[in-house]
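Structure record follows, encoded as structure tokens.
There are 2 protein chains.
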Amino acid sequence: NAAVLSRRDFFLKGFLSLSVPRSCESITVEDYEQAAKTLLTALFIREKYSRLAYHCFPRTTAKFLRSANNEKWKICPVPSEGPYSMEDLPQNLNYSLRMKDGIIYVYDNEDALKQDQPRSLPYPDLETFAIDMSHVLAMIADGPTKTYCHRRLNFLMSKFHLHEMLNEMAELKELKSVPHRDFYNVRKVDTHIHAAACMNQKHLLKFIKDTYKTEADRVVLEKGGKKFTLKQVFDNLKMDPYDLTVDSLDVHAGRQTFHRFDKFNSKYNPVGASELREIYIKSDNYINGEYFARLIKEVAHDLEESKYQHAEPRLSIYGRATEEWDNLSKWFIKQKLHSPNMRWIIQVPRIYDIFRSKKIVPNFAKILENIFLPLFQATINPQKHKETHVFLKHVTGFDSVDDESKHSDHIFTYKSPKPEEWTMEENPPYTYYLFHMYANIMVLNNLRKERGLNTFQFRPHCGEAGSITHLVSAFLTADNISHGLNLKKSPVLQYLYYLTQVPIAMSPLSNNSLFLEYSKNPLREFLQKGLCVSLSTDDPLQFHYTKEALMEEYAIAAQLWKLSTCDVCEIARNSVLQSGLSHQEKKHFLGENYLQDGPEGNDIRRTNVAQIRMAYRHETLCNELSFLVDAVKSEAVAEKAS
Amino acid sequence: NAAVLSRRDFFLKGFLSLSVPRSCESITVEDYEQAAKTLLTALFIREKYSRLAYHCFPRTTAKFLRSANNEKWKICPVPSEGPYSMEDLPQNLNYSLRMKDGIIYVYDNEDALKQDQPRSLPYPDLETFAIDMSHVLAMIADGPTKTYCHRRLNFLMSKFHLHEMLNEMAELKELKSVPHRDFYNVRKVDTHIHAAACMNQKHLLKFIKDTYKTEADRVVLEKGGKKFTLKQVFDNLKMDPYDLTVDSLDVHAGRQTFHRFDKFNSKYNPVGASELREIYIKSDNYINGEYFARLIKEVAHDLEESKYQHAEPRLSIYGRATEEWDNLSKWFIKQKLHSPNMRWIIQVPRIYDIFRSKKIVPNFAKILENIFLPLFQATINPQKHKETHVFLKHVTGFDSVDDESKHSDHIFTYKSPKPEEWTMEENPPYTYYLFHMYANIMVLNNLRKERGLNTFQFRPHCGEAGSITHLVSAFLTADNISHGLNLKKSPVLQYLYYLTQVPIAMSPLSNNSLFLEYSKNPLREFLQKGLCVSLSTDDPLQFHYTKEALMEEYAIAAQLWKLSTCDVCEIARNSVLQSGLSHQEKKHFLGENYLQDGPEGNDIRRTNVAQIRMAYRHETLCNELSFLVDAVKSEAVAEKAS
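Put into structure tokens, the structure is as follows:
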């Protein structure tokens, strides 16, 4: 549509000339060049960490980084997905493995191990990481950089408002002319949901009643050497499941949970009884996690029925024991949990302190070993670890979870004790957890890449509460994050997350019950500025009322923030991009060329996102990036001239 | 629970002594007595109008009014419901009817009519009504009364906050101990929903596609003497229903509809095409309203499936022609629209000006006659008007609808032209409409009562926008109202609506798209103060996203305002009380003694409303009422003494 485009062009050109911050009152040319340089360095740092871990880094940003370095742009290879089959397993390689400084090293054989000559894979070290961290930490406190980022973010906001006023109707017109596609049938992924809370309260209640009706005499629990049938369990709780209600189930978050993560966590116990949690929402129990699997499969069935909704549930690995992976994999396979509408993520709770105080582990390294060694073993010798190997094909990433608002006394530096030396009862800080998870995932991904196996995204909970340094750690180590609320508090980090388009799975209803009132949630603001945000439910069991939790999440956001169809479809598109869905699926859901930038990468017939919107986002990002690159280049010219 | 009760007692007693406004800085004893007297007069006025029309008036308030007059309290008879049957129709009475001053008068026979001796039924007159109106209008502007009401409302608010802090956990405990009852299986009625928009956008879209798939060659429209098949209709619109989407359907309200009721009204036309509205959501068209009926029955089916959800859809009678009732009744019976989960309300749009300018009617009286004469005829001679008689058994009330923000030049007084004289093109004002609808409903109800037939509630849209005088008219004439937002603006009216417990069906999602941002909606505040509010959807077609519109409405309110289970169950209970469900049904849904006051009237096993809450509401209302009565009595004593 020529009229529309010319209006847009006019508007963008008008701005391009207006918006170059050559000489504003509060920022000098030197400051601007300095800020640009620092910001670019941060982008290079994230790019390095992303590439090492086979994480995503946006093509547009990468292109500009190449041009800043006068390098040529190479197209990043697309990861290919291995087929799903129990036969034809890759050969065993019988490499040797050893953990050193909390990171697993791979050796061709025992000799190489003895001589300490690991295979040539990238092994990150804590010192370099600490230095990179300190660079970004310094810049988020740097005055001129803060001013620069703050001004750019304000500008992005005003620019979007103008875009909206000029192009809202044109976007709508584009969408109306798309045949057979609307918000209801664009793909949307629930990018952040915990498997143990993926059903809503009414669903769990009905499930409990149904099992009691049909299987009251089944032995479901062993405790203190004694076995209990379902009937005995409820008798002991002095409770008749027929009378059970959503109120007595008491798993829903309420006013009592606001800023009380501890109270929230206890909501995972139906009727406040840990027995019921054990029976119904654990994978490793007396009934081999059968009920939990059935519940999840019912949720998966609903998603498949809806056709257009997907979810990425988190299953827990604690690092308490080596067998955890084996058990979880066997459960997954035996219960046939695969669903085309689900992709699996492993969440690791940050609870070393609990295991240490119970003397389950001697040091932090042991937890890391329990988590990662089985993965390396299954990757090296798949025929020896068939179940884990097969399960890992369905796993697309790792999450790090716990209450971020808990304070840590230890300050992470390059002098921090190595994981083997971390024997004290105190929990390591957030950054320490993140670095060591990232480091092992990175090595593992490189090893798996060599073998043509799928790699994993690191997708920690980050910025839900607590210190903003969490967001710095994730800026280096995460493919994408969940929550990101605290980006509100740091303009530099928020701008960096924008420039590198780090996807953020946001859950405003969850936040509303735990950390931040709905009306104060920054999601709309982030979306308007152009950050890559998606919507997710977190815990339907605790937060949602209707049968369709993800639709409830979208409906409330759309209603409260008066989001346009284009807005919600953009969020849905972001959710697919961010997800662990395969390249093939993303091509199918977003369009053949989804990896390309701007409107070329968008198939409006599949995403229902207006091309005007895509062009606006792309041009705006290029604009921001070119300022940085130009500043550095002009400085280089000036230096040469002098 | 003794502990709980004693805590509550302590708290209430503490307050009772604190809260008697004997001598505050800003209000003198004289002012207080004067305010009390005026307020009581307003209550007597509403009681009079309510009784005349067989509307509900709260027992508690009525008791206090009796005590103020030193009268005895008589229990109000419970309306009984006639059986649902096409046979055994009541006899024809062959009374004569005549409209005089816009109100239908009933005569025993033609002789009585000639001698102008109407049957002894109460016939309201405009003069008395105008005087009563002016009394209430004067008091809402009276300084001391405003101060008094403002202070009482503030007090009610603070008192509820205190109640919450003290008793929240005790209420929750009560609810947890109720077997088998929770928010999901308490009865809730969608107290305000328009039949033409009772399906959501996705539902309508699917229905259109389905009819096109199976009935493309059916003749569905006659226009300008030509007949069109469904295929031809879509061909003319240059549209393939297969490609139709929610976007192109374009019935959803968006940012464009805020404060634009005109734009909102046009959203009733799918794809902006009035042909599709004619075919799919009209009861009187070429296909005899078959599609519209099927759509409604699908919605009814979903409600029946849900079991606990009911709705009171509005069907339109315009007053354009005498046959409207006959057509609507035949449609209803032929299409078998009865559902146990639906009760029907007739909405009359306030669009005399349109009909007058098109010369369809000569004056306003003609519209009233077209609306009400058939009802009187069917009541008098049921065997002559079988269909209307049977349909009326399913009708429980009347609504008056249109954009309240439209300004009227005419100011209603006792000198306003009589309906027969209202021949100008200008639309009569809101109050004029309300009075004449009320007057005819009142006479009709008295006539029907004589015959043992069901009576009708008058339930106008009121206070959605426009002048606050609308709320004064409804205070006199309405059983209950929809919206009531403008009560925000008048403390006196708000307090009167509280004292008389006028039910208010509120639709915050509708308001959010049309008149008032969600966060500014007074629903929570009204609920806290103790006004009788319910939640309703208004137009799922335009506002809602999920399959369960009413649950979406409840979920958003609960999430955003952090309502407790007790809060939402209280709202649900209010919705049943307010509804046109029968006495038998209300007994079944709320408890045997639901007509009694306070905790005695509440069966917690059915309503899931805590008895502590019921006691709090009842004692608080009694407290407020007793201040008024005491003031008047002490004044009387003082007068006697002097």
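Protein chains in written order, with the working numbering: chain C, 6 to 647; chain D, 6 to 647.
Where is the CB? At the ideal position from N, CA and C, for every residue including glycine.
At least one CB of chain C closer than 8 angstroms to the CB of residue i: is that the case?
i, result
"His185 of chain D", "yes"
"Phe269 of chain D", "no"
"Phe188 of chain D", "yes"
"Arg260 of chain D", "yes"
"Asn517 of chain D", "yes"
"Lys207 of chain D", "yes"
Contact criterion: CB-CB distance below 8 angstroms. Does residue i meet it with respect to chain D?
i, result
"Ile617 of chain C", "no"
"Val256 of chain C", "no"
"Val251 of chain C", "yes"
"Tyr247 of chain C", "yes"
"Asn74 of chain C", "no"
"Asn459 of chain C", "no"
"Lys389 of chain C", "no"
"Lys302 of chain C", "no"
Go to residue i, then tell me how far its beta strand (DSSP E) extends in each direction, as first and last residue.
i, result
"Ile109 of chain C", "Ile108 to Tyr112"
"Gly402 of chain D", "Val400 to Val406"
"Val224 of chain C", "Val224 to Lys228"
"Arg124 of chain D", "That residue, Arg124 of chain D, is in no beta strand (DSSP E); it is neither H nor E in DSSP."
"Pro63 of chain D", "Pro63 of chain D -> no beta strand (DSSP E), and no H or E assigned at all."
"Ser101 of chain C", "Ser101 to Lys105"
"Ile509 of chain D", "Ile509 to Met511"
"Gln314 of chain C", "Gln314 to Ser321"
"Phe239 of chain C", "Run containing Phe239 of chain C: none in the beta strand (DSSP E); it sits in the alpha helix (DSSP H), Leu235 to Asn241."
"Lys193 of chain D", "Lys193 to His199"
"Val538 of chain D", "Val538 to Leu540"
Under 7 angstroms: does the beta carbon of residue i sit that close to some heavy atom of the ligand FMN?
i, result
"Glu329 of chain C", "With respect to the ligand FMN, the structure offers nothing, as it holds no ligand at all."
Between the C-alpha atoms of residue i and residue j, what's the straight-line distance to the nearest angstrom?
i, j, result
"Ala370 of chain D", "Glu426 of chain D", "8 angstroms"
"Asn386 of chain D", "His208 of chain C", "53 angstroms"
"Lys287 of chain D", "Phe337 of chain D", "12 angstroms"
"Phe480 of chain C", "Leu126 of chain C", "22 angstroms"
"Leu333 of chain C", "Leu586 of chain C", "21 angstroms"
"Arg64 of chain D", "Leu600 of chain D", "8 angstroms"
"Asp408 of chain C", "Ile356 of chain C", "10 angstroms"
"Asp289 of chain C", "Tyr273 of chain C", "16 angstroms"
"Ser55 of chain C", "Asp195 of chain C", "23 angstroms"
"Leu439 of chain C", "Val400 of chain C", "19 angstroms"
Provide the residue span of the alpha helix (DSSP H) that contains residue i, from first to last.
i, result
"Ile385 of chain C", "Phe369 to Ile385"
"Val614 of chain C", "That residue, Val614 of chain C, is in no alpha helix (DSSP H); it is neither H nor E in DSSP."
"Pro149 of chain D", "Gly148 to Lys181"
"Met244 of chain D", "Segment: none, Met244 of chain D is in no alpha helix (DSSP H) and carries neither H nor E."
"Met204 of chain D", "Element bounds for Met204 of chain D: n/a, residue is neither H nor E."
"Pro545 of chain D", "Pro545 to Phe548"
Is there a Cβ of chain E sitting closer than 8 angstroms to that of residue i, yes or no?
i, result
"Pro527 of chain D", "Of the protein chains in the structure, C and D, none is chain E."
Which ranges would you report for the alpha helix (DSSP H) in the stretch 323 to 349 of chain C if only whole runs of at least 4 residues count?
Those alpha helix (DSSP H) runs which fall completely within the stretch 323 to 349 of chain C and span 4+ residues are 329 to 339.
Name the residues in the stretch 213 to 225 of chain C whose C-beta lies less than 7 angstroms from a C-beta of chain D; which are they?
Within the stretch 213 to 225 of chain C, no residue has a Cβ lying closer than 7 angstroms to any Cβ of chain D.
Which residues, taken in chain order from the stretch 543 to 555 of chain D, show a beta carbon closer than 9 angstroms to some beta carbon of chain C?
Cβ contacts with chain C: Phe548, His549, Tyr550, Thr551, Lys552 and Glu553.
Residues within the stretch 556 to 576 of chain C neighbouring chain D, beta-carbon criterion of under 8 angstroms:
Those would be Met556, Glu557, Tyr559, Ala560, Ile561, Ala563, Gln564, Leu565, Lys567, Ser569 and Thr570, in chain order.
Give the list of continuous beta strand (DSSP E) stretches no shorter than 3 residues that lie fully inside the stretch 466 to 495 of chain C.
With a minimum length of 3 residues, the continuous beta strand (DSSP E) runs that stay inside the stretch 466 to 495 of chain C are 486 to 488.
Using a beta-carbon distance cut-off of less than 8 angstroms, what residues from the stretch 520 to 535 of chain D approach chain C?
If the cut-off is 8 angstroms between Cβ atoms, the stretch 520 to 535 of chain D has Tyr523 and Ser524 near chain C.
Can you list, in chain order, the stretches of the alpha helix (DSSP H) that have 4 or more residues and sit fully within the stretch 434 to 466 of chain D?
If we require 4 residues or more, the alpha helix (DSSP H) runs fully inside the stretch 434 to 466 of chain D come out as 435 to 455.
Of the residues that make up the stretch 161 to 184 of chain C, which ones have a beta carbon closer than 8 angstroms to any beta carbon in chain D?
Taking 8 angstroms as the Cβ-Cβ cut-off against chain D, the residues of the stretch 161 to 184 of chain C that qualify are Glu173, Leu177, Leu180, Lys181, Ser182, Val183 and Pro184.
When Cβ atoms are compared, which residues of the stretch 485 to 514 of chain C fall closer than 8 angstroms to chain D?
Flagged, chain order: Leu514.
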